[in-house]
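See below for the structure under consideration.
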Amino acid sequence: MQIKQFLLVAALCAISFFAKAQSPGNLSGILKSKSGEPLPALTVKLLNTSFLTVSDNSGVFLIKNLTPGRYTLLVSGIGFKAAQKPVTINAGKETAVSFVMEEEGITMDAVTVTGRSVVQEANRQAFNITAVDAKQLYNSTLDLAGALDRVAGIRVRESGGVGSNFNLSLNGFSGSHIRYFIDGIPMDGFGSSFQINNIPINAAERLEVYKGVVPIWLGSDALGGAINIITGNNHRNYIDVSYSYGSFNTHRSVLNAAVTSKKGLTFQLSAFQNYSDNNYRVKVDAADINTGAYAPGVFLPRFHDTYHNETLIGSVGFIKKKFADKLLIGMTVGSNYKEIQTGARMVSVFGAWHRRGNILMPTFKYKKDNLVKGLDLTINANYNLGTETNIDTMSVRYDWFGNSKPNGTSGERSRSLYRYKNNNGLATAMLNYRIGERQSIALSDVFNTFDRKGADRVNPATVDQPRKTQKNVLGLGYTYNAEDQWSASVFGKYITQRNVLSSAGAKASTNKLGYGIAATYFLSPVLQLKASYELTNRMPEAIEIFGDVENQEGNPNLQPERSKNVNLGLSYNFAVSPDDKFIVNANGIYRHSDNFIYNRLNNNQSRLVADNREGVRTLGGDAEIRYSHKRWFSAGATFTYQYLQNMQQYEPGYLGESPLYLDQMPNIPYMFGNADASVSLPNIGGKGNNLNIGYNLLYVHQFYLYWPSRGGDKLDIPQQLSHDLNVVYSLRNGRYNIGLESRNITNTLLYDNFSLQKPGRGFYVNLRYFFNK
């Protein structure tokens, strides 16, 4: 018996030793100049292997899951001499190295250095993706929506100024067709205090725009694309704070900071605030509510449109530990206040109706690569305990002059003091298993719950109907990646949804199965082709089924959408000289959607309501070209065309074939683009001080509000043409920054939606301080 026990213990020890001996190791390091400055965007490669990465803004790099043994490490980059160093990787351990890079002092006729940033690597995926480096915009006063509006294929439509309602269109799909994520976590149910048009650009490191097919690791039932906001900052100890002030009494403040100990204990904090009176002048047809005097086409200030929000995101936990690469417990708290000036059109004007809301959301984030050999695990969870309050208690009517008179007892729209909780909960899990260096299998699951409960204090007899929905998205995918040659991903998604629609317990359950494939092939290191196909499904959102208690009516009869999506893409990077480089991207799309959900005006044209079309076909494409000369000049332009055609042949109200059959879908921009140019002048006023001067142009072609076949009743939303200028002066290599902006410098009348005018000319100043240790 003792011999058997001894042999058993010996066997277990041998197995444990063998497993440890075979377990992979990691390689990390930091790159600095001779002056001690961190060096970002240098290429780090292990010779005679496929392992390659790029140093981050702190000069830090990390290569994971290396087989134990001896390697040769090569570091190279523009302006520096290539450096090599032998390294030894030990099983289950992380090897740390450092390089002091020497600047290149030899003049050459031409030099080619292979190295890609994180943004460039993201753009090389098989999926039709555009990645945007948000750090390039940190010294502006843009929010995330403003940055996305400059991406080919995207049009952000806002109903007014700061804090207004918005609708993002991506290759013809808009609204809830597009899903939003923060670090891969769905933003469903984050509430009105936390939307992309009130989150400052400084909160993101980069933005990833997926056009069409969405990878399963995002765990979504998106119909036509997704926006993933990457916030992960690689700085262990830093502070980034900015404040801006501008026209219409607009204030924006941002604070991002992190403190991390040598043992991996970390505290991360993000906070931001927006405030604006939004009292810009609009051109309206106004009538005095007391005298009836009519004044067509007068310019009057918006007098009831103040907006402010405050948000704080705090997390504490550990990073880069044996038990977790990331383990964070956090809390998101915030509030917002919004005065409602108009309804869905400016003929409806309000002077007292407003909304309040808050967010109180605990969060949990866990990530561990190589939990067991080759297996990565990610878990996220949150639950929004915040409340929303619709306040319409003044029984008066207002005109555009700010005059008012009593209006019985019905409130401005519908007398209400409805306070409610949407009770949104979210849990996600992702497993990724690597089968060797080129193959991997992924399994994801996302569960979402919504349960609105509330009470109306001024209408206590009103019975609050149940408004519940639960949704689960299960995904399975396989990827093969021959780096810099070709890669392909195949996947399937199974979606279930259950809705409770009435106090009688009426329930509706739906199950849908979808699938797709995405592939890319490199004809050369600088020429990439992409293609993807997806049969995708989207369940109606809670806001579409139940409404938003403001300007969106509910429609409990909505049917799930299904779409067949085809995407083709090309990316070509070339240089006509060592100093002159071009990037060309082009994408073509085809969509055929059944039960297409779109927003239309309700019967009295005061609110929006979601409705189904039996079929909608979309053909279109977008293109982008960028040019750069050395490091001091860059320019680019984008263009998008998309034709959405109504394929519903018969509909109520018409005998025989509908005259709207094959009509272009109304109230959707179909042709738009933008252009930009910037000049960067280094060492102005001292070494390390840079001056950047930039220009942006936005163009949107006019489009119809109603069906084109309706003749004179179709109306049109006029052409939009806006010009912006900005000047940024950075001192001490970006530690201190001063930015000046002028938006809509020609003071053009801008409309994203019919008659809902956006702000005119505005001037803004932005002050920013950044410190990294």
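As numbered in the working numbering, the sequence shown has no gaps in its residue numbers, which increase by one up to the final residue, 776. Note that beta-carbon positions come from the ideal geometry of N, C-alpha and C, so glycine has one too.
Cβ atoms of His307 and Gly354 come within 8 Å of each other, at about 5 Å.
Within the same chain, Thr75 and Leu77 come within 6 Å of Leu50 by CB-CB distance, once the 5 residues on both sides are set aside.
DSSP places Phe549 in the helix class (H, G or I) of the three-state scheme. Just so you know, the alpha carbons of Asp291 and Asn170 end up roughly 32 Å apart. Cβ atoms of Thr390 and Gly360 come within 8 Å of each other, at about 7 Å. By the C-beta density criterion, Leu718 is exposed, having fewer than 16 other C-beta atoms within 10 angstroms.
Tyr593 is positioned such that its CB atom lies no closer than 8 Å to that of Leu573.
Under the three-state reduction of DSSP output, Lys371 falls in the strand class. When Cβ pairs closer than 8 Å are counted between the two stretches, the region 623-634 is seen to touch the region 643-660, the count reaching three or more. Shown here for Asn729: same chain residues with a beta carbon closer than 6 Å to its own, the five before and five after excluded, namely Gly697 and Glu744 in chain order. Here DSSP, grouped into helix, strand and coil, assigns Glu124 to helix. DSSP places Ala289 in the uninterrupted beta strand (DSSP E) bounded by Arg284 to Ala290. Per DSSP, reduced to three states, the secondary structure at Asn205 is helical. Using a Cβ-Cβ distance cut-off of 8 Å, the region 194-212 and the region 527-547 are not in contact, since fewer than three pairs of beta carbons, one from each stretch, lie closer than that value. Around the beta-carbon of Tyr772, fewer than 16 other beta-carbon atoms lie within 10 Å, marking it exposed.
Considering only Tyr141, Asp224 and Phe326, the residue with the shortest C-alpha distance to Ser256 is Tyr141. The continuous alpha helix (DSSP H) containing Gly149 extends over residues Leu147 to Leu151. The Cβ-Cβ distance between Asn281 and Tyr241 does not fall below 8 Å.
The C-alpha of Ala225 is placed about 6 Å away from the C-alpha of Arg182. The closest CA to that of Ser245, considering only Thr144, Pro299 and Gly714, is found on Thr144.
Fewer than three beta-carbon pairs drawn from the region 393-404 and the region 432-445 are found closer than 8 Å, and the two stretches are therefore not classed as touching. The residues Phe525 and Pro528, in chain order, have a CB closer than 8 Å to that of Asp487 in the same chain once the five nearest residues on each side in sequence are set aside.
Per DSSP, reduced to three states, the secondary structure at Gly714 is helical. Contact check for Leu658 against Ser712 fails: the beta carbons are separated by 8 Å or more. With 16 or more neighbouring CB atoms inside 10 Å of its own CB, His180 falls in the buried class. A distance below 8 Å between beta-carbons, with the five flanking residues on each side excluded, links Ser31 to the following residues of its chain, in chain order: Val63, Phe64, Leu65, Ile66, Glu97, Thr98, Ala99 and Val100. Contact annotation, Arg565 with Asn605: C-beta distance approximately 25 Å; criterion of less than 8 Å not satisfied.
For Ile438, the closest alpha carbon among the candidates Tyr481, Arg418 and Asn451 is that of Tyr481.
By alpha-carbon distance to Tyr601, the top candidate from Phe176, Lys37 and Tyr767 is Phe176. Contact annotation, Thr392 with Arg422: C-beta distance approximately 5 Å; criterion of less than 8 Å satisfied.
In terms of Cα proximity to Tyr248, the closest of Lys88, Tyr767 and Asn775 is Tyr767. With at least 16 other beta carbons inside 10 angstroms of its own, Pro672 counts as buried.
By the neighbour-count criterion, in which 16 or more other beta carbons inside 10 Å mark a residue as buried, Gln500 falls on the buried side. Shortest Cα-Cα distance from Thr269 to any of Leu173, Met190, Arg239 and Trp635 involves Arg239. When the alpha-carbon of Tyr497 is set against those of Leu504, Thr513 and Trp489, the nearest one is in Thr513. Positions of the beta strand (DSSP E) runs, each at least 3 residues long and wholly inside the region 352-435, are given as 357-375, 378-387, 390-395, 399-401, 407-409 and 419-424 in order along the chain.
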